[in-house]
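Worksheet: one structure, shown below.
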Amino acid sequence: MKIIVSVKQVPSRDSALKVNAAGKWLDESDLSFEMNEPDAYALEEALQLKEKLGGEVVVLSAGPERVTQTIREALAKGADRAIHVEREDDGGQDALATAHILAKALEGEAPDLILTGLQSDDLGYGQTGVVLAELLGFAHATIVMEVEPLGTTVRVKRELEDGWFQNVVLSLPAVLTIQSGIKKLRYATLMGIKKAKTKEVKTIPAESTKSAAHIDKVYLPQRSKQSQVLTGDPKDVAKQLVEKLKFEARVL
Amino acid sequence: MSVLVVLEQNAGKWNRMSFEALAAAKTIADALNVPLNAAVVGSSIEALAKEAAAYPVAKVFAVQHDLLARYTPDGYTSALEQLIKASTTEAVVFPHTYQVRDYAPKLATRFGQAFVSDVVDIKSEARKVLFVRQLFQGKLNALVEATGEPQFVSVQAGAFRSAEASSSGASVEAFAPQLDPGKIRSKPEDPFREAQRSVDLSAAELIVSVGRGIKEKDNLHVVEELAQVLGAELAASRPICDNGWLPMERQVGSSGQTVSPKVYFAIGISGAIQHLVGMKGSKMVVAINKDENAPIFETADYGIVGDLFEVVPALVEAIKKAKA
Chain A
1 MKIIVSVKQV PSRDSALKVN AAGKWLDESD LSFEMNEPDA YALEEALQLK EKLGGEVVVL
61 SAGPERVTQT IREALAKGAD RAIHVEREDD GGQDALATAH ILAKALEGEA PDLILTGLQS
121 DDLGYGQTGV VLAELLGFAH ATIVMEVEPL GTTVRVKREL EDGWFQNVVL SLPAVLTIQS
181 GIKKLRYATL MGIKKAKTKE VKTIPAESTK SAAHIDKVYL PQRSKQSQVL TGDPKDVAKQ
241 LVEKLKFEAR VL
Chain B
253 MSVLVVLEQN AGKWNRMSFE ALAAAKTIAD ALNVPLNAAV VGSSIEALAK EAAAYPVAKV
313 FAVQHDLLAR YTPDGYTSAL EQLIKASTTE AVVFPHTYQV RDYAPKLATR FGQAFVSDVV
373 DIKSEARKVL FVRQLFQGKL NALVEATGEP QFVSVQAGAF RSAEASSSGA SVEAFAPQLD
433 PGKIRSKPED PFREAQRSVD LSAAELIVSV GRGIKEKDNL HVVEELAQVL GAELAASRPI
493 CDNGWLPMER QVGSSGQTVS PKVYFAIGIS GAIQHLVGMK GSKMVVAINK DENAPIFETA
553 DYGIVGDLFE VVPALVEAIK KAKA
C-alpha cells in the first residue's frame, strides 16, 4: 500500500504570537515551528498501516526551507521518503491554493491513500485534504478515527457530532483526514534519526497559484464580554473568588 | 442574483445551527440587496421544507433524490452544484457542522472558489462583504476577503443569533438533481453511539473542568481536590480524554457533552471553539490560565491569569475556610 502523508509546519503551540508590520500575518522572527499536531496523528496512522500491510509512506509538505526540519522528523519516525514543495509563504494562503500546489506535486505518484490531519493549528481551515481529493478525483472521508483497508476499498470509522460515529466504505484511492488523539504518537529513535539523513527528499518548486481568498488584516480579537480579571497573589485571588462564589453564584 | 443558505437536516431533524447560518446569510443578502433563498437536501423532506418557508427567506428549494436519503459527500456535492448552477448565486452560506466540513470544500472547489469556513462575524460596506475568522484556535482574528462568485462561507456555532420563524410563507420549489449511483463512491453504514454514558454532566450544578495546562496525569489530583471540596463534577477538554487521563464521558465540547452549570471552572483550558460550544450555557465561568491571551478569558466572567498549580490549591484552602 502506498500512502502519502501531507504534513504542515506551523508555529509551536505555546508561541507568543505577534502580528507582523504589514498586519497580514505573523512576525516570524521569534517563532519556533513544529509539525502540525493533527498531521502528526495522520503520520502515525500511516506508519501503523505500513507496519501491518507493508508498502511505502511518502511525506509531502509545502513551505519555505525551514519545513525540511519537519520533513526530517517524519522521516526519522519511519517515513520512507519525502517531497518538499518549496514556496516562500506568508502563511495566509487559502486551502484551495495550497491543495493545488500539493496536487501538482503528486503527479506521477499514484498513491492508494493520502492521509492528513483534520485541520491545521494555525489557519484552521480544515479543508486541504478534502480539496486535494476533489482536485485529484479521489474519494474522501473526514474526521476519521479508524482505518481498515479491504483491498480495493477502505472502511473507516468517522466521528459525527454529539458522540455519534459512522462506518463508511470508500473506493480507493482515497484521501482521509485523521482525527487527533486516537493513537499514541511515537518518538523518533536514535537509529531513525540517523537513517533519516540518508532518505530521499525531492525538492520541487511550487506552481504559482492565484489565491481566491486572502487575509486583509490579522488582529487580536476584542473581548466582547467584559470579563473581570482578579489580580493579586494566589491567596488574594482565591479570597476574591470565594466572595463571588458565595454572594454572586451562591454556591458555597 | 441571490444568496443561498443550505440548511442541514439529519433523518428528518434540523441541525439547529442551520438557523444561525440563516441569520448570517440574511445579513449578507441585505448587504448585497438581493433575496435570500434556502435549500433543504434529502429524500423525504417536504415537511421540513415547509417549516423552512416560515423563516425570512424568499424561496425554499426542496432538493430531493433517493440517493440523498443518507449523506454522502459525492451525492450532496453533485446535488448542490446543480442547484447553484441553475440560478445566479452570489454567496452560499452553511452552518459550520461536521457534515459541512466534509463536503463544502469539495463543492467550492467545483466552482474554483475558496471556502471561507468557520466565520464568526461578517462586515459589509458598499456591496462588499468581508469575513472574520479565527486563527490559532481563537488567539487571533483574520479579516478575509474572497474574490469571484459565488462565495462559499460557513458560520461558526453561536456566532449569530438564530433567525426566528415568522410564518411569512415563502414558496417551496422542488428541485430534482440528476444523480448517478455509480458516481457515489462512499457507502455509509448506520450511525451508532458507543457505550451509554454513565456520567450525565448536563445536570451538574458545579463543574471543575481541566485542560492541557495540567501537563501530566499525575497532576490531576490538584483539580480533583477542588472538585471534591466544591462537590463538583470533574470534566475535561478533549486532549485530556484523548490521552486517557479522564474517561471520554467526562469530555465537554462539540464532540462531548453540553453543560450549563451554575459555575464552570475552566482550569488550564485555552478555550478552543470546540470546547466553548459545550459550556457557554454556564451561568458563571471562572477561568484560570497562565496565558492572558487565552480565548477562554473571552467567555469567562472571572479570570485569573496565573499558575494553576499555585492558584487552585489556594482556592481549595479558601473554600475550606469559607465552608468551615
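Taken in sequence, the protein lines are chains A and B.
Take 1 as the starting number for the first sequence in the working numbering and just add one per residue.
Take 253 as the starting number for the second sequence in the working numbering and just add one per residue.
Every residue gets a Cβ at the ideal spot worked out from N, C-alpha and C, and that includes glycine.
Computed from a predicted structure; not experimentally measured.
Proximal residues to residue i (C-beta, below 8 angstroms), its chain only, five neighbours per side dropped
i, result
"G533(B)", "T510, V511, S512"
"R81(A)", "E56, V58, V59, L75, K199, E200, V201, K202"
"C493(B)", "P499, M500, R502, Q503, G508"
"G529(B)", "Reading off the sequence, residue 529(B) comes out as Val, not Gly. For V529(B), where only same-chain residues beyond five positions count, the Cβ hits under 8 angstroms are A409, G410, G505, S506, T510."
"N36(A)", "V7, K8, Q9, V10, G117, S120, D121, D122"
"S12(A)", "L31, S32, F33, E34"
"T152(A)", "S171, L172"
Close-in-space but distant-in-sequence residues of the same chain around residue i (CB under 7 angstroms, 5 per side omitted)
i, result
"G126(A)", "L118, Q119"
"E201(B)", "This structure does not reach residue 201(B), given that chain B is present from 253 up to 576, and the question cannot be answered."
"S450(B)", "E501"
"F561(B)", "V474"
"K278(B)", "L288, P308, A415"
"Q408(B)", "H348, D370, V371, V372, I525"
"F427(B)", "F313, A314, V315, L335"
"L319(B)", "G327, L431, P433, I436"
"Q351(B)", "E260, Y323"
"G555(B)", "A539, F549"
"A62(A)", "V85, R87, T98, I101, L102, A206"
DSSP bridge partner residues for residue i (one or two, in chain order)
i, result
"H140(A)", "V175(A)"
"Y219(A)", "N393(B)"
"L113(A)", "I3(A), A174(A)"
"P254(A)", "Residue 254(A) falls outside the range modelled here, since chain A spans only 1 to 252, and no answer is possible."
"K146(A)", "It should be noted that the sequence gives Glu, not Lys, for residue 146(A). DSSP, once it has assigned bridges, lists K157(A) as partnering E146(A)."
"I204(A)", "V85(A)"
"S254(B)", "T341(B)"
"H317(B)", "DSSP, once it has assigned bridges, lists no residue as partnering H317(B)."
"N20(A)", "Answer is none; N20(A) lacks a bridge partner."
"I556(B)", "I540(B)"
"H214(A)", "E397(B)"
"L259(B)", "V292(B)"
"R26(A)", "Note that residue 26(A) is Leu in the sequence shown here, rather than Arg. Answer by DSSP bridge pairing, in chain order: V19(A)."
"N167(A)", "K157(A)"
Close Cβ partners of residue i (< 6 angstroms) along its chain, the five nearest in sequence each way excluded
i, result
"K317(B)", "The sequence given here places His at residue 317(B); Lys does not occur at that position. Result list for H317(B): P429, L431, in chain order."
"D30(A)", "none"
"Y516(B)", "I459, M531, S534, V537"
"I143(A)", "L118, R158, E159, Q179"
"K514(B)", "E457, K535"
"L300(B)", "Q261, V292"
"S423(B)", "K311"
"A552(B)", "V537, A539"
"K375(B)", "L382"
"A495(B)", "Contrary to the premise, residue 495(B) reads as Asn rather than Ala in this sequence. Excluding residues within five positions, none has a Cβ falling inside 6 angstroms."
"E477(B)", "V568"
"S208(A)", "none"
Segment contact flag, the region 170-177 of chain A with the region 110-124 of chain A, C-beta cutoff 8 angstroms, min 3 pairs: yes
Sufficient close CB pairs (3 or more, under 8 angstroms) joining the region 270-283 of chain B to the region 543-553 of chain B: no
In chain order, each beta strand (DSSP E) run of at least 3 residues that lies wholly inside the region 272-313 of chain B: 288-294
Segments of 3+ residues assigned as beta strand (DSSP E) that fall wholly inside the region 412-474 of chain B: 423-427, 438-440, 458-462
Stretch pair the region 254-267 of chain B + the region 341-357 of chain B: three plus CB contacts closer than 8 angstroms: Result yes; three or more Cβ-Cβ pairs closer than 8 angstroms.
Cβ contact check for the region 95-111 of chain A and the region 65-81 of chain A: 3 or more pairs under 8 angstroms: no
Positions along the region 550-562 of chain B whose CB lies within less than 7 angstroms of some CB in chain A: E550, T551, A552, D553, Y554, G555, I556, V557, G558, E562
3-residue-minimum beta strand (DSSP E) runs that sit fully inside the region 497-549 of chain B, ordered along the chain: 515-519, 536-541
Length at least 4, wholly inside the region 342-405 of chain B: the alpha helix (DSSP H) runs in chain order: Fully contained in the region 342-405 of chain B are the following alpha helix (DSSP H) runs of length 4 or more, in chain order: 350-362.
Three or more C-beta pairs below 8 angstroms linking the region 478-490 of chain B and the region 149-162 of chain A: With the cut-off at 8 angstroms, the region 478-490 of chain B and the region 149-162 of chain A do not touch.
Chain B contacts made by the region 196-223 of chain A, where a contact means CB separation under 8 angstroms: Flagged, chain order: S211, A212, A213, H214, I215, D216, K217, V218, Y219, L220, P221, R223.
Short-range partners of chain A found in the region 438-463 of chain B, where Cβ spacing is below 9 angstroms: S438, K439, P440, E441, D442, P443, F444, R445, E446, R449, E457, L458
Residues of the region 392-414 of chain B with Cβ closer than 8 angstroms to any Cβ of chain A, in chain order: Taking a C-beta cut-off of 8 angstroms against chain A, the contacting residues of the region 392-414 of chain B are L392, N393, A394, L395, V396, E397, A398, T399, G400, listed in chain order.
The region 178-194 of chain A touching the region 38-56 of chain A, judged by at least three CB pairs closer than 8 angstroms: yes
Whole alpha helix (DSSP H) elements within the region 33-87 of chain A, 4-residue minimum: Those alpha helix (DSSP H) runs which fall completely within the region 33-87 of chain A and span 4+ residues are 37-53, 67-77.
The region 433-446 of chain B contacting the region 293-308 of chain B, beta-carbon criterion three pairs below 8 angstroms: no
Segment contact, 8 angstroms Cβ cut-off, at least three pairs: the region 408-420 of chain B with the region 299-316 of chain B: Touching, per the Cβ criterion.
Inter-stretch contact at 8 angstroms, needing at least 3 Cβ pairs: the region 355-371 of chain B / the region 320-339 of chain B: yes
The region 322-329 of chain B / the region 92-105 of chain A touching (three or more Cβ pairs under 8 angstroms): As far as the Cβ criterion goes, the region 322-329 of chain B does not touch the region 92-105 of chain A, which means the pair count is below three.
Cβ contact check for the region 555-574 of chain B and the region 225-242 of chain A: 3 or more pairs under 8 angstroms: yes
Stretch-stretch touch, CB-based, cutoff 8 angstroms, three pairs: the region 386-406 of chain B with the region 212-224 of chain A: yes
Members of the region 357-375 of chain B near chain A, C-beta cut-off 8 angstroms: Contacts with chain A (Cβ-Cβ distance below 8 angstroms) from the region 357-375 of chain B involve P357, K358, A360, T361, R362, G364, Q365, A366, F367, V368, S369, D370, listed in chain order.
Positions along the region 139-168 of chain A whose CB lies within less than 7 angstroms of some CB in chain B: A139, H140, A141, T142, I143, E159, L160, E161, G163, W164, F165, Q166, N167, V168
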